[in-house]
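Trainee: If you scroll down you'll find the structure; I have some questions about it.
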Amino acid sequence: MYETNYTAVCEFVFLGLSTYGPIQHFFLTCSTVLYLTIVLGNTLVVITVTFDAHLHSPMYFFLGNLSFIDLCLSTLTVPKMIFDLYSGHNTISFQGCVIQIFVLHVLGGSEMVLLVAMALDRYVAICKPLHYLTIMSPRMCSLLLSGAWLIGIIHSVAQLAFVVHLPFCGPNEIDSFYCDLPQFIKLACSDTYRMEFMVTANSGFISTGTFFLLIISYILILFTVWKHPSGGLSKALSTLSAHISVVVLFFGPCIFVYMWPFPTVSVDKFLAILDFLITPILNPAIYTMRNRDMKLAMRKLISQLLGLRKISK
(Lines of atoms letter the chains of each structure in order from A and count residues from 1; the text may use other names and numbers.)
(Lines give C-alpha, C1' and ligand atoms only; values in the text may rest on other atoms or scores of the structure.)
Protein backbone atom coordinates (compact mmCIF):
# COMPACT_ATOMS: atom_id res chain seq x y z
CA MET A 1 0.00 0.00 0.00
CA TYR A 2 2.82 2.40 0.86
CA GLU A 3 4.52 1.71 -2.42
CA THR A 4 1.31 2.46 -4.36
CA ASN A 5 0.79 5.74 -2.56
CA TYR A 6 4.43 6.67 -3.04
CA THR A 7 4.27 6.22 -6.81
CA ALA A 8 0.82 7.84 -7.17
CA VAL A 9 2.33 11.33 -7.43
CA CYS A 10 5.08 11.49 -10.03
CA GLU A 11 5.22 15.27 -10.40
CA PHE A 12 4.31 18.47 -8.57
CA VAL A 13 2.73 21.65 -9.90
CA PHE A 14 4.08 25.04 -8.85
CA LEU A 15 1.42 27.70 -8.36
CA GLY A 16 4.18 30.29 -8.75
CA LEU A 17 4.19 33.91 -7.67
CA SER A 18 0.97 34.90 -9.44
CA THR A 19 -1.57 33.60 -11.96
CA TYR A 20 -2.37 37.07 -13.37
CA GLY A 21 -0.82 37.53 -16.83
CA PRO A 22 0.59 41.11 -16.59
CA ILE A 23 2.08 40.40 -13.16
CA GLN A 24 3.69 37.24 -14.51
CA HIS A 25 5.30 39.28 -17.32
CA PHE A 26 6.54 41.76 -14.73
CA PHE A 27 8.06 38.98 -12.61
CA LEU A 28 9.59 37.39 -15.73
CA THR A 29 11.34 40.62 -16.69
CA CYS A 30 12.50 41.47 -13.16
CA SER A 31 13.71 37.96 -12.31
CA THR A 32 15.65 37.71 -15.58
CA VAL A 33 17.41 41.03 -15.00
CA LEU A 34 18.13 40.22 -11.34
CA TYR A 35 19.44 36.74 -12.13
CA LEU A 36 21.82 38.08 -14.78
CA THR A 37 23.03 40.62 -12.23
CA ILE A 38 23.56 37.83 -9.69
CA VAL A 39 25.57 35.77 -12.17
CA LEU A 40 27.73 38.71 -13.27
CA GLY A 41 28.28 40.11 -9.76
CA ASN A 42 29.10 36.88 -7.97
CA THR A 43 31.15 35.47 -10.85
CA LEU A 44 33.18 38.68 -10.89
CA VAL A 45 33.85 38.34 -7.15
CA VAL A 46 34.91 34.68 -7.51
CA ILE A 47 37.22 35.41 -10.46
CA THR A 48 38.72 38.49 -8.78
CA VAL A 49 39.47 36.64 -5.53
CA THR A 50 40.89 33.66 -7.44
CA PHE A 51 43.23 35.48 -9.81
CA ASP A 52 44.33 38.58 -7.86
CA ALA A 53 47.35 37.66 -5.74
CA HIS A 54 46.71 40.60 -3.39
CA LEU A 55 43.42 38.99 -2.31
CA HIS A 56 44.85 35.59 -1.38
CA SER A 57 44.01 35.95 2.29
CA PRO A 58 41.50 34.09 4.54
CA MET A 59 38.90 36.89 4.45
CA TYR A 60 38.75 36.96 0.66
CA PHE A 61 38.99 33.17 0.44
CA PHE A 62 35.78 32.90 2.44
CA LEU A 63 34.20 35.78 0.52
CA GLY A 64 34.83 34.04 -2.80
CA ASN A 65 33.23 30.85 -1.51
CA LEU A 66 30.25 32.81 -0.14
CA SER A 67 29.68 34.30 -3.60
CA PHE A 68 29.96 30.84 -5.15
CA ILE A 69 27.30 29.43 -2.78
CA ASP A 70 25.00 32.42 -3.40
CA LEU A 71 25.36 31.88 -7.15
CA CYS A 72 24.52 28.19 -6.75
CA LEU A 73 21.48 28.93 -4.55
CA SER A 74 20.03 31.30 -7.14
CA THR A 75 20.83 28.96 -10.03
CA LEU A 76 19.06 26.13 -8.22
CA THR A 77 15.67 27.89 -8.29
CA VAL A 78 15.58 31.07 -10.39
CA PRO A 79 16.21 29.66 -13.91
CA LYS A 80 13.40 27.14 -13.34
CA MET A 81 11.11 29.96 -12.19
CA ILE A 82 12.01 32.04 -15.27
CA PHE A 83 11.32 29.07 -17.55
CA ASP A 84 7.97 28.44 -15.86
CA LEU A 85 6.94 32.09 -16.20
CA TYR A 86 7.91 32.06 -19.88
CA SER A 87 6.46 28.70 -20.89
CA GLY A 88 3.60 28.26 -18.40
CA HIS A 89 4.86 24.70 -17.79
CA ASN A 90 4.92 24.88 -13.99
CA THR A 91 5.70 21.26 -13.13
CA ILE A 92 8.63 19.42 -11.59
CA SER A 93 9.13 15.68 -11.27
CA PHE A 94 9.06 13.99 -7.88
CA GLN A 95 12.76 13.16 -8.20
CA GLY A 96 13.53 16.70 -9.34
CA CYS A 97 11.73 18.12 -6.31
CA VAL A 98 13.67 15.87 -3.92
CA ILE A 99 16.98 16.79 -5.59
CA GLN A 100 16.12 20.50 -5.35
CA ILE A 101 15.36 20.16 -1.62
CA PHE A 102 18.56 18.19 -1.03
CA VAL A 103 20.84 20.67 -2.82
CA LEU A 104 19.00 23.63 -1.27
CA HIS A 105 19.72 22.41 2.27
CA VAL A 106 23.29 21.39 1.47
CA LEU A 107 23.98 24.93 0.22
CA GLY A 108 22.01 26.55 3.05
CA GLY A 109 23.74 24.51 5.76
CA SER A 110 27.14 25.14 4.19
CA GLU A 111 26.53 28.90 4.07
CA MET A 112 25.56 28.93 7.75
CA VAL A 113 28.87 27.33 8.75
CA LEU A 114 30.78 29.50 6.26
CA LEU A 115 29.39 32.64 7.89
CA VAL A 116 30.55 31.30 11.26
CA ALA A 117 34.01 30.74 9.75
CA MET A 118 34.00 34.32 8.46
CA ALA A 119 33.07 35.56 11.95
CA LEU A 120 35.96 33.53 13.40
CA ASP A 121 38.28 35.08 10.83
CA ARG A 122 37.18 38.59 11.85
CA TYR A 123 37.55 37.72 15.55
CA VAL A 124 41.14 36.54 15.08
CA ALA A 125 42.01 39.50 12.82
CA ILE A 126 40.69 42.08 15.30
CA CYS A 127 41.36 40.46 18.68
CA LYS A 128 44.56 38.50 17.94
CA PRO A 129 46.22 40.35 15.03
CA LEU A 130 49.76 39.14 15.88
CA HIS A 131 48.69 35.49 15.62
CA TYR A 132 46.34 35.97 12.66
CA LEU A 133 48.47 34.32 9.96
CA THR A 134 49.37 31.45 12.28
CA ILE A 135 45.79 30.68 13.37
CA MET A 136 44.09 31.36 10.03
CA SER A 137 46.58 29.37 7.99
CA PRO A 138 45.71 27.99 4.53
CA ARG A 139 45.28 24.56 6.14
CA MET A 140 42.84 25.95 8.72
CA CYS A 141 40.85 27.76 6.01
CA SER A 142 40.64 24.57 3.94
CA LEU A 143 39.49 22.61 7.00
CA LEU A 144 36.81 25.19 7.81
CA LEU A 145 35.55 25.17 4.23
CA SER A 146 35.54 21.35 4.08
CA GLY A 147 33.71 21.27 7.41
CA ALA A 148 31.11 23.71 6.07
CA TRP A 149 30.31 21.47 3.10
CA LEU A 150 30.36 18.31 5.22
CA ILE A 151 27.95 19.78 7.79
CA GLY A 152 25.71 21.01 4.95
CA ILE A 153 25.53 17.49 3.49
CA ILE A 154 24.86 15.89 6.89
CA HIS A 155 22.16 18.49 7.64
CA SER A 156 20.40 17.79 4.34
CA VAL A 157 20.68 14.00 4.49
CA ALA A 158 19.40 13.95 8.08
CA GLN A 159 16.16 15.62 6.99
CA LEU A 160 15.57 13.79 3.72
CA ALA A 161 16.37 10.32 5.11
CA PHE A 162 12.92 10.14 6.71
CA VAL A 163 10.89 12.56 4.59
CA VAL A 164 11.65 11.08 1.17
CA HIS A 165 9.76 7.85 1.97
CA LEU A 166 6.51 9.56 2.92
CA PRO A 167 3.49 8.36 0.88
CA PHE A 168 2.18 10.88 -1.69
CA CYS A 169 -1.19 10.25 -3.29
CA GLY A 170 -2.41 13.81 -4.00
CA PRO A 171 -2.87 16.76 -4.04
CA ASN A 172 0.31 17.72 -5.86
CA GLU A 173 0.19 21.55 -5.95
CA ILE A 174 2.97 23.55 -4.25
CA ASP A 175 2.05 27.18 -3.62
CA SER A 176 5.52 28.47 -4.44
CA PHE A 177 8.05 28.50 -7.29
CA TYR A 178 10.46 25.95 -5.79
CA CYS A 179 10.45 22.83 -3.59
CA ASP A 180 11.24 23.01 0.10
CA LEU A 181 10.49 20.72 3.03
CA PRO A 182 7.57 22.60 4.67
CA GLN A 183 5.45 22.56 1.48
CA PHE A 184 6.68 19.09 0.48
CA ILE A 185 5.71 17.45 3.80
CA LYS A 186 2.22 18.99 3.82
CA LEU A 187 1.36 17.10 0.61
CA ALA A 188 1.99 13.68 2.15
CA CYS A 189 -0.97 11.33 2.69
CA SER A 190 -0.03 10.42 6.25
CA ASP A 191 0.25 12.13 9.62
CA THR A 192 3.20 14.52 9.24
CA TYR A 193 3.25 16.18 12.66
CA ARG A 194 6.48 14.43 13.68
CA MET A 195 8.11 15.22 10.35
CA GLU A 196 7.17 18.88 10.59
CA PHE A 197 8.58 19.00 14.11
CA MET A 198 11.79 17.38 12.89
CA VAL A 199 12.17 19.97 10.13
CA THR A 200 11.62 22.76 12.64
CA ALA A 201 14.12 21.22 15.04
CA ASN A 202 16.72 20.62 12.34
CA SER A 203 16.45 23.75 10.20
CA GLY A 204 14.76 26.21 12.54
CA PHE A 205 16.78 25.67 15.68
CA ILE A 206 20.05 25.31 13.75
CA SER A 207 19.36 28.63 12.00
CA THR A 208 18.44 30.34 15.26
CA GLY A 209 21.31 28.77 17.21
CA THR A 210 23.89 29.71 14.58
CA PHE A 211 22.50 33.24 14.34
CA PHE A 212 22.79 33.83 18.09
CA LEU A 213 26.28 32.26 18.07
CA LEU A 214 27.30 34.85 15.49
CA ILE A 215 25.73 37.69 17.48
CA ILE A 216 27.65 36.57 20.58
CA SER A 217 30.89 36.51 18.58
CA TYR A 218 30.29 40.11 17.43
CA ILE A 219 29.62 41.19 21.02
CA LEU A 220 32.88 39.56 22.14
CA ILE A 221 34.79 41.33 19.37
CA LEU A 222 33.33 44.74 20.24
CA PHE A 223 33.85 44.17 23.97
CA THR A 224 37.50 43.24 23.37
CA VAL A 225 38.07 46.37 21.28
CA TRP A 226 36.23 48.54 23.82
CA LYS A 227 38.46 47.23 26.65
CA HIS A 228 41.56 48.26 24.69
CA PRO A 229 40.61 51.64 23.19
CA SER A 230 43.11 52.81 20.62
CA GLY A 231 40.90 54.18 17.91
CA GLY A 232 40.08 50.63 16.86
CA LEU A 233 36.40 50.64 17.76
CA SER A 234 35.32 52.55 14.66
CA LYS A 235 37.51 50.32 12.47
CA ALA A 236 36.02 47.21 14.07
CA LEU A 237 32.50 48.53 13.55
CA SER A 238 33.27 49.27 9.90
CA THR A 239 34.75 45.80 9.42
CA LEU A 240 31.87 44.01 11.12
CA SER A 241 28.99 46.06 9.67
CA ALA A 242 29.24 44.38 6.26
CA HIS A 243 29.34 40.91 7.78
CA ILE A 244 26.45 41.64 10.15
CA SER A 245 24.34 42.90 7.22
CA VAL A 246 24.94 39.67 5.29
CA VAL A 247 24.15 37.53 8.35
CA VAL A 248 20.84 39.33 8.98
CA LEU A 249 19.85 39.06 5.30
CA PHE A 250 20.58 35.32 5.25
CA PHE A 251 19.30 34.21 8.66
CA GLY A 252 16.25 36.47 8.90
CA PRO A 253 14.18 34.66 6.23
CA CYS A 254 15.45 31.21 7.37
CA ILE A 255 14.38 31.76 10.96
CA PHE A 256 10.98 33.14 9.92
CA VAL A 257 10.19 30.35 7.44
CA TYR A 258 11.10 27.49 9.78
CA MET A 259 10.28 28.93 13.21
CA TRP A 260 7.23 31.20 12.72
CA PRO A 261 4.20 29.27 14.04
CA PHE A 262 1.66 31.01 11.75
CA PRO A 263 3.01 30.63 8.20
CA THR A 264 1.64 32.98 5.55
CA VAL A 265 2.05 32.02 1.89
CA SER A 266 2.46 35.60 0.64
CA VAL A 267 5.14 36.33 3.27
CA ASP A 268 6.95 33.07 2.52
CA LYS A 269 7.02 33.94 -1.19
CA PHE A 270 8.40 37.40 -0.43
CA LEU A 271 11.11 35.88 1.76
CA ALA A 272 11.93 33.36 -0.98
CA ILE A 273 12.40 36.22 -3.45
CA LEU A 274 14.60 37.95 -0.88
CA ASP A 275 16.69 34.77 -0.43
CA PHE A 276 17.16 33.84 -4.08
CA LEU A 277 17.05 37.18 -5.94
CA ILE A 278 17.88 40.05 -3.59
CA THR A 279 20.40 38.74 -1.05
CA PRO A 280 22.76 37.23 -3.70
CA ILE A 281 22.96 40.71 -5.27
CA LEU A 282 23.41 42.56 -1.99
CA ASN A 283 26.13 40.24 -0.65
CA PRO A 284 28.80 41.11 -3.26
CA ALA A 285 27.65 44.73 -3.29
CA ILE A 286 27.97 45.03 0.52
CA TYR A 287 31.44 43.50 0.58
CA THR A 288 32.84 45.24 -2.50
CA MET A 289 31.40 48.71 -1.99
CA ARG A 290 32.84 48.88 1.53
CA ASN A 291 36.20 47.31 0.68
CA ARG A 292 38.86 49.38 -1.03
CA ASP A 293 41.05 46.40 -1.99
CA MET A 294 38.13 44.59 -3.64
CA LYS A 295 37.12 47.67 -5.63
CA LEU A 296 40.67 48.21 -6.89
CA ALA A 297 41.08 44.53 -7.78
CA MET A 298 37.75 44.43 -9.64
CA ARG A 299 38.57 47.60 -11.59
CA LYS A 300 41.93 46.11 -12.52
CA LEU A 301 40.32 42.86 -13.67
CA ILE A 302 37.66 44.66 -15.72
CA SER A 303 40.33 46.84 -17.34
CA GLN A 304 42.36 43.74 -18.25
CA LEU A 305 39.30 42.02 -19.73
CA LEU A 306 38.40 45.11 -21.77
CA GLY A 307 42.03 45.36 -22.96
CA LEU A 308 42.03 41.73 -24.11
CA ARG A 309 38.73 42.31 -25.91
CA LYS A 310 40.17 45.28 -27.82
CA ILE A 311 43.28 43.25 -28.77
CA SER A 312 41.13 40.36 -30.05
CA LYS A 313 39.24 42.76 -32.32
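Per this note's numbering, the sequence shown starts with residue 6, numbered consecutively. Even glycine gets a Cβ: it sits at the ideal position worked out from N, Cα and C.
Residues in its own chain within less than 7 Å of D222 by CB, not counting five upstream and five downstream?
Mentor: Locating residue 222 in the sequence shown gives position 217, where the first residue counts as 1. For the sequence presented, residue 222 should be read as Ser rather than Asp. Once the five neighbours on either side are set aside, the close Cβ partners of S222 are A124, Y128.
Trainee: Please confirm whether T215 and V108 have their CB atoms less than 8 Å apart.
Mentor: Your numbering for residue 215 matches position 210 in the sequence shown. Your numbering for residue 108 matches position 103 in the sequence shown. Between T215 and V108, the C-beta spacing is not below 8 Å.
Trainee: If you run the structure through DSSP and keep just helix, strand and coil, what is V251?
Mentor: One-based indexing of the sequence shown puts residue 251 at position 246. It is helical.
Trainee: Compare the C-alpha of L155 against each of H110, L138, S195, P134 and name the closest.
Mentor: As a first step, residue 155 must be located in the sequence shown, where it is residue number 150. If you compare the alpha carbons of H110, L138, S195, P134 with that of L155, the shortest gap goes to H110.
Trainee: Taking 7 Å as the limit between beta carbons, can you name the residues of its chain near K300, skipping five residues before and five after?
Mentor: Position 295 of the sequence shown, counting from 1, holds the residue named residue 300. Hits under 7 Å: T293.
Trainee: Grab the span of the beta strand (DSSP E) containing S115 for me, first residue to last.
Mentor: Taking the first residue of the sequence shown as 1, we reach residue 115 at position 110. Going by DSSP, S115 is part of no beta strand (DSSP E) but of the alpha helix (DSSP H) stretching over 99-132.
Trainee: Helix, strand or coil: how does DSSP classify T34 here?
Mentor: Locating residue 34 in the sequence shown gives position 29, counting from the first residue. Correct three-state label for T34: helix.
Trainee: Just curious, the beta strand (DSSP E) that F228 is in, first and last residue?
Mentor: Residue numbering aside, residue 228 sits at position 223 when the sequence shown is read from its first letter. Run containing F228: none in the beta strand (DSSP E); it sits in the alpha helix (DSSP H), 210-232.
Trainee: H94 to S79, Cα distance in whole Å?
Mentor: Residue numbering aside, residue 94 sits at position 89 when the sequence shown is read from its first letter. Residue numbering aside, residue 79 sits at position 74 when the sequence shown is read from its first letter. Their Cα atoms are separated by approximately 20 Å.
Trainee: Does the beta-carbon distance from M203 to F228 come in below 8 Å?
Mentor: Locating residue 203 in the sequence shown gives position 198, where the first residue counts as 1. Locating residue 228 in the sequence shown gives position 223, where the first residue counts as 1. At a Cβ-Cβ threshold of 8 Å, M203 and F228 do not count as neighbours.
Trainee: Using the three-state DSSP reduction, which class does T197 fall into: helix, strand or coil?
Mentor: Residue mapping note: residue 197 aligns to position 192 of the sequence shown, counting from 1. It is coil, neither helix nor strand.
Trainee: Going by Cα to Cα distance, which pick from R199, V14, C194, F182 is closest to L90?
Mentor: The sequence position of residue 90 within the sequence shown is 85, counting from 1. Taking only the C-alpha atoms, the option nearest L90 is F182.
Trainee: Looking only at DSSP bridge pairs, what is V18 linked to?
Mentor: To locate residue 18, count along the sequence shown from 1; it is residue 13. According to DSSP, which records beta bridges pairwise, V18 is partnered with T96, E178.
Trainee: Report the three-state DSSP secondary structure of D185 (helix, strand or coil).
Mentor: Residue 185 sits at position 180 when you count from the first residue of the sequence shown. DSSP places D185 outside both helix and strand once states are collapsed to three, so it counts as coil.
Trainee: Can you name, in chain order, every residue of its own chain whose Cβ lies under 8 Å from the Cβ of T37, other than the five neighbours on each side?
Mentor: As a working note, residue 37 is residue 32 in the sequence shown. So the qualifying residues of the chain are I87.
Trainee: Under DSSP, the alpha helix (DSSP H) around H59 begins and ends at which residues?
Mentor: Looking up residue 59 in the sequence shown gives position 54. Here H59 belongs to no alpha helix (DSSP H), and DSSP marks it neither H nor E.
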